[in-house]
Amino acid sequence: MLKFILSKLLYLIPTVFGITLVAFGFIRLLPGDPVLLMAGERGVSPERYAEITAQLGYDKPIWQQYLQYLNQLAHGDLGNSLVTKKPVLAEFLTLFPATVELGLVAILIATLIGVPVGVLAAIKRGSWFDQISMTGALVGFSMPIFWWGLLLIILFSGILGWTPVSGRISLMYFFPPVTGFMLIDSLLSGQDGAFMSALSHLILPSIVLATIPLAVIARQTRSAMLEVMGEDYVRTARAKGLSPSRVIGVHALRNAMIPVITTIGLQVGVLLAGAILTETIFSWPGIGKWMIDSISRRDYPVVQSGLLLIAGIVMIVNLLVDLTYGLINPRIRHK
Amino acid sequence: MTDTTVKISDAAIRRQMLKDFWFYFSQNRGAVIGLAVFVLLVLTAIFAPLIAPHDPNQQYRDALLVPPVWQEGGRAGFLLGTDAVGRDMLSRLIYGAQYSLFIGIVVVAIALIGGVIIGLVAGFYGGWVDSVIMRVMDVVLAFPSLLLALVLVAILGPGLTNAMIAIAIVYQPHFARLTRAAVMGEKAREYVTAARVAGASNLRLMFKTILPNCLAPLIVQATLSFSSAVLDSAALGFLGMGAQPPASEWGTMLAEAREFILRAWWVVTFPGLAILISVLAINLMGDGLRDALDPKLKRS
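What follows is the structure, given as structure tokens:
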């Protein structure tokens, strides 16, 4: 197993360098002079320009600049936002829990509904349940989620008035963040109604974000179940006279779950891309909205480091998925 | 004694293959429906100037936010109502089909051609060439596609052309990976060795001998990318990074309609519905194509 983990880690090194190279190249690929870009509308005096250029190392050869950039990264220095002047890493760490909370609830919804639906559709292959749920899954998979979010707002916030339109919690409540997760913090605060307020703010965005992963998980579970149920060992289990629930629950489901777990893990990239749209629609103060705002405000250091951090997260989660896969399925390890 | 060998011409083989394909494709009801909707969409796009009742950018200042015809206050001249500056929704939706199809075709063409060439080179030559190319592809795949497309658009500048280029770059590794895997499977086959012994050049081996046998997964991936391209470009338009107003691109229309969501449901509902229906039709077709082209599923 150790060898397997090491080989996976070794394999990642070029990708890590590639990602830093992309983030490094981003600022330099922007049309125009990076120093003038950072100075913004006001511009800078020639002396100050020369000073900043030297300070940022733009007068050095490009490979030295890259090495310097790597050195900064290694020291945890991701630069400062041009707008707020705060360190990018600090901003990221404040906003990240909001996205994690939204993403976790979304993936929970997607898994808790998607897996049972997929299993049931496979068992009752060809039935009306199978047809309706798989049509539904295809619709969900084809859904422009930014529009889906607007529709839900029209229905639940506009017409029914059940849920708020934006934010994480009503302005009535205030308490210092402990975990960064509003659901937990609101409970810890002990204020009446705070938890319900947080929950009502979370429900629509998480449904929107869960839509595509839910469709993917349901489809994947169904096809994995169908494949496993055609295997010899399932037939053997049936022939032994085991009850159908035992055959499906123990013999089939366990084996079918291996690709499904991988699929769930791979949804992290989908979730982060979806978070950009979902957070924009619901004004959810997470990293997706932060990235969009920074792009439109031309806050390039934030975009650069945000890109790096998000790619890093996707990479780490994919690595964990790979390792889990190796753990459940020993055949992978020895390839 | 009669000669029993029947000579089959290439054209006849091709006809038979098409017939087989259509047989399996038409077994899938959803796929046929998807195809029908898609054909309708193509026709709408082509004949937009003939079908659309109004110019998509003509502003009727006396008809702002007119509701659809069946609702109170609706007008017969504007079947699906008008938007905030008095443009006919139906006409804009019809012209929007042109954008979506155009985007899909261009994105898939760039991603497919680029990806196939890169994948062929990687799979055919193997060794360090393969390693380098595949690591670069890994880097591209490490970023969530929409985010990378957004950042690329930030570099290139907002606009439809740049959005298409960005999306194509993001999709291209999928084609490269698929081609590479297929090429590696085919490379060791006897017909390839035979062609090599017969003196075929590397280029001929790659493009004429191997590539035609790797097409099935690529066609399926192309359909899937087509629908994703429509979705992603609409998302970019919605975020203000794709086609720019007054273009009647569906995502851009949604972005303009956002502030009216609680006042005029039609300006929000219809463009999204158009996106959903197009994407769904293409995905249905993709499912059918996969079933028809995948020999493993076919015989079972």
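Protein chains in written order, with my numbering: chain F, 1 to 335; chain B, 1 to 300. The C-beta atom is built at its ideal place from N, Cα and C for all residues, glycine as well. What you are looking at is a predicted structure, and each value in this text was computed from that prediction instead of being measured.
- A direct Cα-Cα distance of roughly 7 Å separates Ile5/F from Leu323/F.
- In the structure shown, Asp55/B falls within a coil segment according to DSSP collapsed to helix, strand and coil.
- Among the residues of the stretch 84-114 of chain B, none has a Cβ less than 8 Å away from any Cβ of chain F.
- Beta-bridge partners of Asp88/B (DSSP): Thr82/B.
- Within chain F, the residues placing a beta-carbon under 7 Å from that of Ala142/B are Thr15, Ile19, Ala311, Val314, Met315, ordered along the chain.
- Counting along the chain, the unbroken alpha helix (DSSP H) around Arg14/B starts and ends at 10-27.
- Annotation: Asn57/B has no Cβ neighbours in chain F at a cutoff of 8 Å; minimum Cβ distance is about 22 Å.
- DSSP places Pro173/B within a helical segment (H, G or I) once states are collapsed to three.
- Here Pro158/B is buried: its Cβ has 16 or more other Cβ atoms, across all protein chains shown, within 10 Å.
- Annotated three-state conformation of Pro271/B is helix, per DSSP.
- Separation of the CB atoms of Val37/B and Ile277/B is rounded to 7 Å, and the pair is thereby assigned contact status at 8 Å.
- Proximity to Phe143/B across Leu320/F, Arg235/F, Leu266/F peaks at Leu266/F, based on C-alpha coordinates.
- Our two residues, Ser201/B and Met253/B, have alpha carbons roughly 51 Å apart in a direct line.
- In this structure, the alpha-carbon of Ala247/B lies about 10 Å from that of Gly237/B.
- If the five residues before and after Leu202/F are omitted, its C-beta is found closer than 8 Å to the C-beta atoms of Glu101, Leu102, Val105, Arg168, Met182, Leu183, all from its own chain and listed in chain order.
- Per the Cβ contact rule, the stretch 292-301 of chain F is not in contact with the stretch 221-240 of chain F (fewer than 3 Cβ pairs under 8 Å).
- Beta-carbon to beta-carbon, Val151/B and Leu95/F are separated by about 18 Å, too far to satisfy the 8 Å threshold.
- For Lys8/F, the enclosing alpha helix (DSSP H) begins and ends at 2-29.
- Between the stretch 62-71 of chain B and the stretch 40-50 of chain B, the count of Cβ pairs shorter than 8 Å is below three; the stretches do not touch.
- Excluding its 5 nearest sequence neighbours in each direction, Gly274/F has C-beta neighbours in its own chain below 7 Å: Ile145, Leu209, Ile212, listed in chain order.
- Sequence-ordered contacts of the stretch 181-203 of chain F with chain B are nonexistent [C-beta pairs closer than 9 Å].
- Ser142/F has a beta carbon lying within less than 9 Å of a beta carbon in chain B.
- Sequence-distant Cβ neighbours of Ile51/B in its own chain, meaning closer than 7 Å and more than five residues away, are Thr44, Ile94.
- Between the alpha carbons of Thr84/F and Ala163/B lies a gap of roughly 29 Å.
- Runs of the alpha helix (DSSP H) lying entirely within the stretch 60-121 of chain F, each at least 4 residues long, are 62-74 in chain order.
- Spanning the alpha carbons of Met206/B and Pro259/F requires a straight line of approximately 33 Å.
- Remark: C-beta atoms of Gly96/B and Ala274/B approach each other more closely than 9 Å.
- Secondary structure at Gln71/B: coil, using DSSP grouped into helix, strand and coil.
- For Phe143/B, the secondary structure class from DSSP, reduced to helix, strand or coil, is coil.
- By the neighbour-count criterion, in which 16 or more other beta carbons inside 10 Å mark a residue as buried, Ile103/B falls on the buried side.
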